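*Asks:* Quick one: structure below, then a few questions.
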Amino acid sequence: MENKNIILDIQDLEVRFEVDGEIIRAVNGVSLTLEKGKTLGLVGETGAGKTTTALAVMHLVPDPPGIISNGNILLNGKDVMGMSKAELEKIRGKEVSMIFQDPMTSLNPVFTIGEQIAESLEIHEQLSRTDAMKKAKEMLELVGIPGSRASDYPHQFSGGMKQRVVIAIALACNPQLLIADEPTTALDVTIQAQVLELMKELKEKYGTAMIMITHDLGIVAEVCDEVAVMYAGRIIEKGTLDQVFNNTLHPYTEGLFNSLPNIKDRKSELLPIPGLMPDPVNLPVGCAFEPRCSYARAECSLRQPESRMVSDHMVCCSAYDHPDFHIKRKGGKYVE
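For any residue, its number in the working numbering is found by taking its place in the sequence shown, counting from 1, and adding 421.
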């Protein structure tokens, strides 16, 4: 039976990039669902495939060299993969919006801030120029910037204010799904906290579903309801915030937590994950994490682990074929 609360349904998504005769396997069979009003944290190292997955949802994977070689993406029950260019332009900014990683390069330097917010309102809401500019000023006020600054240009804003402007543009048409690609990476810690608090407030006000792409587990703990951990283009663990943080199942997720400083025990040593993520041009036959995994067994290098439900959430690890297996994560609970 169809769940009408599901706003995004991704099944078996695969994305390839063909460069100089080589095939880069960026996303390898990702399946995700997201309900209305929920926030999903998409976590993983650089190169795990997080941004490529998000771009596929918007149908913005650059082609060439990128190819969505397999999978289905349903947004509000509508097949994104089967949409024409005109249909895609209608949903981008209206039903789904994206906050890109670097606010410095996300804004057009030759148009005023007000014009850039008003543009999407004119296109999607069919507002007149005057009404669109009025709403643009309201959106600036909403993100904590005086409406009088609508006539200013991007170079007149700080990094944190630029990110606020990008959020205003993304939320101008009240999208049902917001994708935030590491929205605080380029900001200092104080401004990060302000931007995250702003996003939480706006999400609650508008009831927007959100995908938060990040490598920062602290951000995930603060804003997310669910967590999906990516490694080498696959989802290797997925569950609620409480399940993943307090009942960690995958050795890679364990490694992420063990590499964090322990505030309660400042003398404890960090336990970094050894090695590097595999080359996406030459992925191993078996588990991609096997060369870095302290729990690896002989069979791990021979076949891809299948996803399974263990302790009420999903994990992709063949070590659970053995009844005596359990994760030895140091530290304590992260979510109360």
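For every residue, glycine included, the Cβ atom is placed at its ideal position computed from N, Cα and C. Quick caveat: nothing in here was measured; it's all calculated off a predicted structure.
What does the Cβ neighbour count give for residue 759, buried or exposed, with the cut at 16 atoms within 10 Å?
*Replies:* Here the chain comprises residues numbered 422 to 757, so residue 759 is not present and cannot be evaluated.
*Asks:* What are the partner residues of residue 519, as DSSP defines its beta bridges?
*Replies:* Residue 519 sits at position 98 when you count from the first residue of the sequence shown. Paired residue(s): 600.
*Asks:* Select from 603, 552, 579 the residue whose C-alpha is nearest the C-alpha of residue 641.
*Replies:* Position 220 of the sequence shown, counted from the first residue, corresponds to residue 641. Residue 641 has its Cα closest to that of 603, out of 603, 552, 579.
*Asks:* Along the chain, where does the alpha helix (DSSP H) that runs through residue 438 open and close?
*Replies:* Along the sequence shown, one-based indexing puts residue 438 at 17. Not the alpha helix (DSSP H): residue 438 falls in the beta strand (DSSP E), residues 427–440.
*Asks:* To which residues of the same chain is residue 397 closer than 7 Å at the C-beta, ignoring the five residues directly before and after it?
*Replies:* Not covered by the structure: residue 397. The range shown for the chain is 422 to 757.
*Asks:* Applying the criterion that 16 or more other CB atoms from any shown protein chain within 10 Å of the CB defines a buried residue, is residue 578 buried or exposed?
*Replies:* Stepping through the sequence shown from its first residue, residue 578 is reached at position 157. So residue 578 counts as buried.
*Asks:* Under 8 Å, with one C-beta from each stretch per pair, do the region 556–574 and the region 514–522 reach the 3-pair mark?
*Replies:* Result no; under three Cβ-Cβ pairs closer than 8 Å.
*Asks:* Go ahead and pull the three-state DSSP assignment for residue 679.
*Replies:* Mapped onto the sequence shown, residue 679 falls at position 258. Helix, per DSSP.
*Asks:* Considering only C-alpha positions, which residue in the set 592, 610, 485 is nearest to residue 624?
*Replies:* As a position in the sequence shown, residue 624 is number 203, starting the count at 1. Considering only alpha carbons, the answer is 592.
*Asks:* Are residue 739 and residue 726 touching if we call contact CB-CB under 7 Å?
*Replies:* Translated into positions along the sequence shown, residue 739 becomes position 318. Translated into positions along the sequence shown, residue 726 becomes position 305. Taking 7 Å as the Cβ cut-off, residue 739 and residue 726 qualify as a contacting pair.
*Asks:* Per the DSSP calculation, residue 570 is bridged to which residue(s)?
*Replies:* As a position in the sequence shown, residue 570 is number 149, starting the count at 1. None; residue 570 has no bridge partner.
*Asks:* Do residue 446 and residue 490 have their beta-carbon atoms positioned less than 7 Å apart in this structure?
*Replies:* Sequence index remark: in the sequence shown, residue 490 carries index 69 (1-based). Sequence index remark: in the sequence shown, residue 446 carries index 25 (1-based). The answer is no: Cβ separation not under 7 Å.
*Asks:* Please name the residue in 444, 435, 442 whose C-alpha comes closest to that of residue 452.
*Replies:* One-based indexing of the sequence shown puts residue 452 at position 31. Closest option to residue 452, Cα to Cα, is 435.
*Asks:* Cutting at 7 Å between CB atoms, please list the residues of its own chain near residue 531, excluding the five before and the five after it.
*Replies:* Counting from one through the sequence shown, the residue named residue 531 turns up at place 110. Same-chain partners within the cutoff: there are none.
*Asks:* Tell me which residue opens and which closes the alpha helix (DSSP H) that residue 549 is part of.
*Replies:* Locating residue 549 in the sequence shown gives position 128, where the first residue counts as 1. Residue 549 -> no alpha helix (DSSP H), and no H or E assigned at all.
*Asks:* For residue 713, I'd like the list of residues in its chain whose CB is within less than 7 Å of its CB, leaving aside the five on either flank, ordered along the chain.
*Replies:* Here the question's residue 713 lines up with position 292 in the sequence shown. Same-chain partners within the cutoff: 694, 695, 696.
*Asks:* Is residue 734 helix, strand or coil by DSSP?
*Replies:* The count along the sequence shown starts at 1 and reaches residue 734 at position 313. Strand at residue 734.
*Asks:* Do you know offhand how far residue 589's Cα is from residue 560's?
*Replies:* Stepping through the sequence shown from its first residue, residue 589 is reached at position 168. Stepping through the sequence shown from its first residue, residue 560 is reached at position 139. The straight-line gap from Cα to Cα measures roughly 6 Å.
*Asks:* Inspect the beta-carbon positions of residue 538 and residue 601 and report whether they are closer than 7 Å.
*Replies:* Here residue 538 is taken as the residue at index 117 of the sequence shown, counted from 1. Here residue 601 is taken as the residue at index 180 of the sequence shown, counted from 1. No, the pair does not count as a contact, with Cβ atoms beyond the cut-off.
*Asks:* Helix, strand or coil: which one does DSSP assign to residue 757?
*Replies:* The residue given as residue 757 occupies position 336 in the sequence shown. Unreliable positioning characterises residue 757 in this predicted model, as indicated by a pLDDT of 48, which lies under 50. A coordinate reading is not provided.
*Asks:* Report yes if the C-beta of residue 643 is less than 6 Å from at least one heavy atom of the ligand GTP; otherwise report no.
*Replies:* In the structure shown, the ligand GTP is absent, as is every other ligand, since no ligand is present at all.
*Asks:* Using CA atoms only, rank isn't needed, just tell me which of 692, 665, 684 is closest to residue 676.
*Replies:* Counting from 1 along the sequence shown, the entry for residue 676 is found at position 255. Selected option, being the one with the closest Cα: 692.
*Asks:* Around the Cβ of residue 541, are there at least 16 other Cβ atoms within 10 angstroms (buried) or fewer (exposed)?
*Replies:* Start at 1 with the first residue of the sequence shown, and residue 541 comes out as number 120. Buried.
*Asks:* Taking Cβ positions, are residue 670 and residue 648 nearer each other than 7 Å?
*Replies:* If you number the sequence shown from 1, residue 670 lands on position 249. If you number the sequence shown from 1, residue 648 lands on position 227. In this structure, residue 648 does not lie closer than 7 Å to residue 670 by Cβ.
*Asks:* For residue 497, which of 527, 456, 529 has the nearest alpha-carbon?
*Replies:* Within the sequence shown, residue 497 is the residue found at index 76, counting from 1. Looking at the Cα atoms, 456 is the closest of the given residues.
*Asks:* Tell me whether residue 499 sits in a helix, a strand or coil according to DSSP, three-state version.
*Replies:* By 1-based counting over the sequence shown, the position of residue 499 is 78. Note: residue 499 maps to strand in three-state DSSP.
*Asks:* What is the C-beta distance between residue 599 and residue 629, in whole angstroms, given that I count them as a contact (C-beta under 8 Å)?
*Replies:* The residue labelled residue 599 in the question sits at position 178 within the sequence shown. The residue labelled residue 629 in the question sits at position 208 within the sequence shown. With 8 Å as the limit, residue 599 and residue 629 qualify as a contact, their Cβ atoms being about 5 Å apart.
*Asks:* Residue 655: buried (16+ other C-beta within 10 angstroms of its C-beta) or exposed?
*Replies:* Here residue 655 corresponds to residue number 234 of the sequence shown, with the count starting at 1. Label assigned to residue 655: buried.
*Asks:* By DSSP's criteria, residue 659 is part of a beta bridge. Which residues make up the other side?
*Replies:* One-based indexing of the sequence shown puts residue 659 at position 238. 649, 735.
*Asks:* Using a Cβ-Cβ cut-off of 6 Å (strictly less than) and excluding sequence neighbours within five positions of residue 672, which residues of its own chain qualify?
*Replies:* For the purposes of this step, residue 672 is taken as residue 251 along the sequence shown, with counting starting at 1. Closer than 6 Å at the Cβ level, and outside the excluded window around residue 672, lie 714, 716.
*Asks:* Taking the CB atoms as reference points, tell me whether residue 702 and residue 439 lie closer together than 7 Å.
*Replies:* Here residue 702 is taken as the residue at index 281 of the sequence shown, counted from 1. Here residue 439 is taken as the residue at index 18 of the sequence shown, counted from 1. Contact flag unset, no.
*Asks:* Excluding the 5 residues preceding and the 5 following residue 586 in the sequence, name in chain order all residues of the same chain whose CB lies nearer than 8 Å to its CB.
*Replies:* Within the sequence shown, the letter at position 165 stands for residue 586. Counting only Cβ-Cβ distances below 8 Å, and skipping sequence neighbours, we find 524, 528, 534, 537, 538, 561, 564, 566, 575, 578.
*Asks:* Going by the beta-carbon positions, is the gap between residue 433 and residue 487 smaller than 7 Å?
*Replies:* Looking up residue 433 in the sequence shown gives position 12. Looking up residue 487 in the sequence shown gives position 66. No.
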